[in-house]
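These notes concern the structure reproduced below.
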Amino acid sequence: MPRPSSSAIGVVAVVTGSLLFAVNGTVAKLAMEAGLGPTRLVELRCLGSAVVLVTAALVVAPRKLRPASRREVAVLALLGVVGVALVQWFYLVAISRLPVGLALLIEYTAPLIVALWARYVFREQVRARVWWALAACLAGLGLVAQVGDDVRLDAVGLLAAVGAAVALATYYLLGDRLLTTRDPLTTHAWSLGFAALFWVVLQPLWTFPTSTLSIDVAVPGTGLQPPMWLLVAWIVLLGTVAPYLLFLVGIQRVGAARAGLLGMVEPVAASAAAWAVLGESMTPVQLVGGAVVIAGVVLAETARRSRDQALLPDTVVT
340 MPRPSSSAIG
350 VVAVVTGSLL
360 FAVNGTVAKL
370 AMEAGLGPTR
380 LVELRCLGSA
390 VVLVTAALVV
400 APRKLRPASR
410 REVAVLALLG
420 VVGVALVQWF
430 YLVAISRLPV
440 GLALLIEYTA
450 PLIVALWARY
460 VFREQVRARV
470 WWALAACLAG
480 LGLVAQVGDD
490 VRLDAVGLLA
500 AVGAAVALAT
510 YYLLGDRLLT
520 TRDPLTTHAW
530 SLGFAALFWV
540 VLQPLWTFPT
550 STLSIDVAVP
560 GTGLQPPMWL
570 LVAWIVLLGT
580 VAPYLLFLVG
590 IQRVGAARAG
600 LLGMVEPVAA
610 SAAAWAVLGE
620 SMTPVQLVGG
630 AVVIAGVVLA
640 ETARRSRDQA
650 LLPDTVVT
């Protein structure tokens, strides 16, 4: 079990990463509304992040970059393609056919998938309070998504959202497994490298419309008009490199299930960011939902075992 100081660092890392992901959603929406296609944006995001991370890993920890075996390379490839590239793609398909809030609600059932996997596949003990915390988080996200307010369901959109949830759960579980033997930086470098390769094969770089990078993008309410390439740089560095690395640091210290629960603050923060920048107002019910999500995260935090209890694997704590 990690030391309390290490656990605190993990919590801060996951929450900070979630907030960066939330802000990135607004930045990405501005870029797409200005003319950059979603799949091209994902390609730039993965490719730019891979270049930054692989370079950093070669400078900081070149020996650690080498995989231990072919099997580890396969797991890293799975993490990159499923846990990074497909999470983004499924999410884009889902929000193109469903309300964004509903798509996020379905995607963020990933922690529930992780908890069920840990309980019934890994046979790990899970405190009863964790299930109550998950229920609170999902109920709160339902309020944030305003499920039931004239929502039209689309079969492809629902399948894509479920795919995003499964892919995100895969990211948590594979990241947890890899970080028992690898450091977050090189793990992240490999995963983004495979994600970038996946998109470059699907969309060769010579077909990229480079003229879109020079478009000026208006930021509502500020009078600012930064060029598209500056928004892309933000998305790469602060919307991908930093938050993914922070999540891996968090998973290493607090585990996949707990990191997944903490990550549920992202949809709430994303709604708040869209409210502040894009004028997408939040209703009183959505604000209540955000408070319920936060309460669920706090409940999950209190469900951890003490250090002494953790030393007794056969002790059942509920």
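Here the sequence shown stands for residues 340 to 657, numbered as in our numbering.
Backbone N, C-alpha and C define an ideal beta-carbon position, used for all residues, glycine too.
Just so we're clear, the structure is a prediction, and the values are computed from it rather than from any experiment.
| Quick one, are the C-beta atoms of residue 531 and residue 388 less than 7 Å apart? | The count along the sequence shown starts at 1 and reaches residue 531 at position 192. The count along the sequence shown starts at 1 and reaches residue 388 at position 49. Yes; because the gap between Cβ atoms is below 7 Å, this pair is in contact.
| query | Nearest-angstrom Cα distance between residue 658 and residue 562? | reply | Residue 658 is absent from the model: the chain starts at 340 and stops at 657.
| How long is the line joining the alpha carbons of residue 393 and residue 627, rounded to whole angstroms? | For this step, residue 393 is matched to residue 54 along the sequence shown. For this step, residue 627 is matched to residue 288 along the sequence shown. Rounded to whole angstroms, the separation of the alpha carbons of residue 627 and residue 393 is 42 Å.
| residue 372 to residue 500, Cα distance in whole Å? | The sequence position of residue 372 within the sequence shown is 33, counting from 1. The sequence position of residue 500 within the sequence shown is 161, counting from 1. The straight-line gap separating the alpha-carbon atoms of residue 372 and residue 500 is approximately 22 Å.
| query | Based on the DSSP output, what are the partners of residue 377 in its beta bridges? | reply | Residue 377 sits at position 38 when you count from the first residue of the sequence shown. Answer is none; residue 377 lacks a bridge partner.
| task | May I ask you to report which of helix, strand or coil DSSP gives residue 522? | result | Here the question's residue 522 lines up with position 183 in the sequence shown. Here residue 522 sits in coil by DSSP.
| field | Through-space distance from residue 470 to residue 523, alpha-carbon basis | value | For the purposes of this step, residue 523 is identified with residue 184 of the sequence shown, where counting begins at 1. For the purposes of this step, residue 470 is identified with residue 131 of the sequence shown, where counting begins at 1. The alpha-carbon of residue 523 is positioned some 28 Å away from that of residue 470.
| message | Measuring CB atoms only, is the stretch 560 to 579 touching the stretch 541 to 550, in the sense that at least three cross pairs come out at less than 8 Å? | response | With a cut-off of 8 Å on Cβ pairs, the stretch 560 to 579 is not in contact with the stretch 541 to 550, counting fewer than three such pairs.
| Which of helix, strand or coil DSSP assigns to residue 450 | Along the sequence shown, read from residue 1 onward, the residue named residue 450 stands at position 111. Secondary structure of residue 450 (DSSP, three-state): helix.
| field | Chain-order list of residues whose beta-carbon lies under 6 Å from that of residue 369 (same chain, five-residue window excluded) | value | Working through the sequence shown from its first residue, we reach residue 369 at position 30. Exclusion of the five residues before and after residue 369 leaves 556 as the residues of its chain whose Cβ lies within less than 6 Å of its Cβ.
| query | Roughly how many angstroms lie between the CA atoms of residue 375 and residue 633, to the nearest whole one? | reply | Here residue 375 is taken as the residue at index 36 of the sequence shown, counted from 1. Here residue 633 is taken as the residue at index 294 of the sequence shown, counted from 1. Looking at the two C-alpha atoms, the distance is approximately 34 Å.
| task | Since I believe residue 385 is in contact with residue 508 (beta carbons under 8 Å), could you give me their beta-carbon distance rounded to a whole number of angstroms? | result | The sequence position of residue 508 within the sequence shown is 169, counting from 1. The sequence position of residue 385 within the sequence shown is 46, counting from 1. Contact doesn't hold; Cβ gap of about 20 Å is too wide.
| Taking just the CA atoms, how far does residue 614 sit from residue 653? | Reading the sequence shown from its first residue, position 314 is the one you call residue 653. Reading the sequence shown from its first residue, position 275 is the one you call residue 614. Low per-residue confidence applies at residue 653: pLDDT is 31, beneath 50, and the placement is therefore not dependable enough to give any value.
| query | Which full runs of the beta strand (DSSP E) of 3+ residues lie inside the stretch 495 to 547, going along the chain? | reply | For secondary structure counted as the beta strand (DSSP E) over 3 or more consecutive residues, the stretch 495 to 547 holds no complete run.
| task | For residue 624, collect the residues of the same chain with a Cβ closer than 6 Å to its Cβ; drop the 5 residues on either side in sequence, then sort them by chain order. | result | Position 285 of the sequence shown holds residue 624. Cβ neighbours of residue 624 beyond the five flanking positions: 482.
| field | Contact set for residue 406: own chain, Cβ-Cβ below 7 Å, skip 5 residues either direction | value | As a working mapping, residue 406 is identified with position 67 in the sequence shown. The answer, listed in chain order, is 412 and 415.
| request: Take every Cβ of the stretch 585 to 598, pair it with every Cβ of the stretch 346 to 361, and state whether three or more of those distances are shorter than 8 Å. | output: Because the criterion of three Cβ pairs below 8 Å is met, the stretch 585 to 598 and the stretch 346 to 361 touch.
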